[in-house]
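This note's numbering numbers the first residue of the sequence shown as 54 and each following residue consecutively.
Quick reminder that beta carbons are idealized off the backbone N, C-alpha and C, glycines included.
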Amino acid sequence: LVAMTPSFTLDGDKLLYSATKAIDPNVITDFNQAYKDWENQPHNIYEYDLKSSQVRKLTEGNEFDFMPINISKDEILICRLNDDRYGRLIRYGRLIKIVDGKEEIIADDVIIDYFGENNIDVFLSKDSKKNKGNIKEKSKDISKIDDLYKLKGTYIGDNSKVGNIINLLDFPEELTPIGMELFTKEEPYGLQVNFKADVETQMEYIAMSSNYVWRPQSLILFSLIDNLDYIKYAIDGGDMNIVVSYINREVGDSLTMSTLGHKTSEVAKDKNRFKEFYNIYGSEYNTKANQPESLVGYIVIKDNTLHFNEVEIVEWEDKERAKELGFNEYDMPNGYTIIDKNKGRRTFELADEVIFTFTDVNLDFVKNAEGDRLYTTTKKDEFINHLGKLNEFSLSEQKIPYFIEVKDGNVISITEKFKYTI
Numbered sequence: 054l055v056a057m058t059p060s061f062t063l064d065g066d067k068l069l070y071s072a073t074k075a076i077d078p079n080v081i082t083d084f085n086q087a088y089k090d091w092e093n094q095p096h097n098i099y100e101y102d103l104k105s106s107q108v109r110k111l112t113e114g115n116e117f118d119f120m121p122i123n124i125s126k127d128e129i130l131i132c133r134l135n136d137d138r139y140g141r142l143i144r145y146g147r148l149i150k151i152v153d154g155k156e157e158i159i160a161d162d163v164i165i166d167y168f169g170e171n172n173i174d175v176f177l178s179k180d181s182k183k184n185k186g187n188i189k190e191k192s193k194d195i196s197k198i199d200d201l202y203k204l205k206g207t208y209i210g211d212n213s214k215v216g217n218i219i220n221l222l223d224f225p226e227e228l229t230p231i232g233m234e235l236f237t238k239e240e241p242y243g244l245q246v247n248f249k250a251d252v253e254t255q256m257e258y259i260a261m262s263s264n265y266v267w268r269p270q271s272l273i274l275f276s277l278i279d280n281l282d283y284i285k286y287a288i289d290g291g292d293m294n295i296v297v298s299y300i301n302r303e304v305g306d307s308l309t310m311s312t313l314g315h316k317t318s319e320v321a322k323d324k325n326r327f328k329e330f331y332n333i334y335g336s337e338y339n340t341k342a343n344q345p346e347s348l349v350g351y352i353v354i355k356d357n358t359l360h361f362n363e364v365e366i367v368e369w370e371d372k373e374r375a376k377e378l379g380f381n382e383y384d385m386p387n388g389y390t391i392i393d394k395n396k397g398r399r400t401f402e403l404a405d406e407v408i409f410t411f412t413d414v415n416l417d418f419v420k421n422a423e424g425d426r427l428y429t430t431t432k433k434d435e436f437i438n439h440l441g442k443l444n445e446f447s448l449s450e451q452k453i454p455y456f457i458e459v460k461d462g463n464v465i466s467i468t469e470k471f472k473y474t475i
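Right under this line is the structure:
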């Protein structure tokens, strides 16, 4: 093979390169034609492991693939020629991202200019709307990564820097940020981010599992604020500011350890690592692509299996739904009612790591009796201990709804909301 455009992976353990079959110079009679033949041969991307000396072919087919660049732990960007409408020195092509063997076109109608001895210039067609959108978003992400990374090493007592980090984060469009609260008098140190919304939106967030919405922002905050122990997110619907999600550093560490092999406090120690981390958790595309299924219902846990009966929580504030079901205010003495959705009982397996969130009313795990006693953990035995004898009741006898998130058929989080335990 003849190799070209080599580059090392981010960890320095592998070499990426483009290669094609070599032509024996002894059989060449027309070098111009030989060059054209060589250029029209398939050029594929290969990966050479410097430790094991193993070679892996990353692309197949008859295309001319070259200039591989490792842009994150599992992502490689390559150029692929399309045609020669401009002649040999200027060609049309594509920028393609490869993730786990799957290809995604990042930019089409790319002009690749060979004119020059020491470089290859790549231009994007100004007429491609897709390119404009992709490049604009990528540029915005790169700028945001740089701005966030400058704030690494922040402490929770630094109002200004904490506020700057929050201002750089993306939150749901229907929520308006209205400030933050810092809890710094004693450990554990915490942060509450407050939002304003109409009451219908507030009720929607209360009556569903929205943990996935806040997870990316939480992990970024934990990675940049060294002594931050927990985060709350609250929504003010006009009458009351209600906490809708809670996470602590322990859970954040378990998430980043499972994907990156590093705790949140280690993520910002290296900029390349932080970029990789942001590409996983900070990207809006990845967040939506990995969005789990959110369900509400009664649960019983036996061994590693969760038995589930789906319900609907109807809030009195949702006047339209209450009227549709024929309820009046007297039917909802606690401000809500729970309806069996009659979808039948279902079972799910618990994921290897499940996030459990609940109110530790008995102070089994929370030390501060003065606070709201919210607690989150990845230890199943702690959650089972919290459930106590309730978990021994049959599914038909359960009265407290739980909010679960399901991904790839496995439960990844279970949340108890104190309002619905009364």
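Which of helix, strand or coil DSSP assigns to residue i
{"i": "H96", "result": "strand"}
{"i": "L108", "result": "In the sequence as presented, Leu is not what sits at residue 108; that position holds Val. In the structure shown, V108 sits in a strand (DSSP, three-state: E or B)."}
{"i": "L201", "result": "helix"}
{"i": "G65", "result": "coil"}
{"i": "H315", "result": "coil"}
{"i": "N387", "result": "coil"}
{"i": "V296", "result": "strand"}
{"i": "F446", "result": "coil"}
{"i": "E382", "result": "helix"}
{"i": "V246", "result": "strand"}
{"i": "A87", "result": "helix"}
{"i": "I465", "result": "strand"}
{"i": "F236", "result": "strand"}
{"i": "R147", "result": "strand"}
{"i": "G397", "result": "strand"}
{"i": "F330", "result": "helix"}
{"i": "S276", "result": "helix"}
{"i": "Y473", "result": "helix"}
{"i": "S436", "result": "Reading off the sequence shown, one finds Phe at residue 436, where the question assumed Ser. Helix at F436."}
Status (buried if at least 16 other CB within 10 Å, exposed otherwise) for residue i
{"i": "Q255", "result": "buried"}
{"i": "R326", "result": "buried"}
{"i": "P386", "result": "exposed"}
{"i": "I475", "result": "exposed"}
{"i": "E370", "result": "buried"}
{"i": "L476", "result": "No answer is possible for residue 476: the residues shown for the chain start at 54 and end at 475."}
{"i": "I98", "result": "buried"}
{"i": "Q270", "result": "buried"}
{"i": "R112", "result": "The sequence shown places Thr at residue 112, rather than the Arg named in the question. Burial call: buried."}
{"i": "V297", "result": "buried"}
{"i": "N212", "result": "exposed"}
{"i": "R147", "result": "buried"}
{"i": "I300", "result": "buried"}
{"i": "I209", "result": "buried"}
{"i": "Y88", "result": "exposed"}
{"i": "I366", "result": "buried"}
Distance CB(residue i)-CB(residue j) smaller than 8 Å
{"i": "N357", "j": "L403", "result": "yes"}
{"i": "I408", "j": "P454", "result": "no"}
{"i": "I219", "j": "Y258", "result": "no"}
{"i": "H96", "j": "S71", "result": "yes"}
{"i": "V152", "j": "D127", "result": "yes"}
{"i": "Q245", "j": "K285", "result": "yes"}
{"i": "L31", "j": "K150", "result": "Outside the displayed range of the chain (54 to 475) lies residue 31, so it cannot be described from this structure."}
Sequence-distant residues of the same chain with beta carbon closer than 8 Å to residue i, five excluded per side
{"i": "F61", "result": "K67, L68, L69 and N123"}
{"i": "Q451", "result": "Y351, I352, V353, N362 and L443"}
{"i": "R426", "result": "T412, D413, V414, L416 and V419"}
Own chain partners of residue i with C-beta closer than 7 Å, once the 5 adjacent residues on each side are dropped
{"i": "F275", "result": "L281, R302, G305 and T317"}
{"i": "G140", "result": "Interpretation of G140 is limited by its pLDDT of 43, a score under 50 that renders its predicted location unreliable; the figure taken from the coordinates is listed afterwards. For G140, where only same-chain residues beyond five positions count, there are no Cβ hits under 7 Å."}
{"i": "L204", "result": "K214, N217, I218 and L277"}
{"i": "G32", "result": "Only positions 54 to 475 of the chain appear in this structure, which leaves residue 32 out of reach."}
{"i": "E368", "result": "M256, A260, G388 and Y389"}
{"i": "E406", "result": "S307, S311 and T431"}
{"i": "Y265", "result": "Q344, P345 and E458"}
{"i": "K74", "result": "L54 and Q94"}
Residues near residue i in its chain [Cβ-Cβ closer than 6 Å; skip 5 each side]
{"i": "L63", "result": "N123 and N325"}
{"i": "K179", "result": "In this prediction, K179 has a pLDDT of 49, which is less than 50 and means its spatial position is unreliable; what the coordinates show is noted afterwards. Taken in chain order, the list of residues that qualify is empty."}
{"i": "I457", "result": "L348, V464 and I467"}
{"i": "N172", "result": "Only weak support exists for where N172 lies, its pLDDT of 46 falling under 50; the coordinates are left without a value."}
{"i": "D83", "result": "none"}
{"i": "M120", "result": "T58 and C132"}
{"i": "N115", "result": "P95"}
For residue i, the nearest candidate out of the options (CA to CA)
{"i": "K238", "options": "K460, N438 and G424", "result": "G424"}
{"i": "D161", "options": "K155, C132, V367 and V152", "result": "C132"}
{"i": "E226", "options": "Y242, F248 and P78", "result": "F248"}
{"i": "K460", "options": "P345, T430 and S213", "result": "P345"}
{"i": "W91", "options": "L111, L221, L54 and E113", "result": "L54"}
{"i": "D118", "options": "A422, D200 and M57", "result": "M57"}
{"i": "T400", "options": "L448, K372 and I81", "result": "L448"}
{"i": "K201", "options": "I295, E365, D323 and S106", "result": "Before going further, note that residue 201 is Leu rather than Lys in the sequence given. When each option's Cα is compared against that of L201, the closest is D323."}
{"i": "G397", "options": "E382, T410, A250 and H360", "result": "H360"}
{"i": "D279", "options": "E319, A422 and P230", "result": "E319"}
{"i": "K104", "options": "G65, G154 and K110", "result": "G65"}
Any non-hydrogen atom of the ligand COA closer than 7 Å to residue i Cβ
{"i": "T62", "result": "For the structure depicted, the ligand COA is absent and the ligand set is empty, with no information on it obtainable."}
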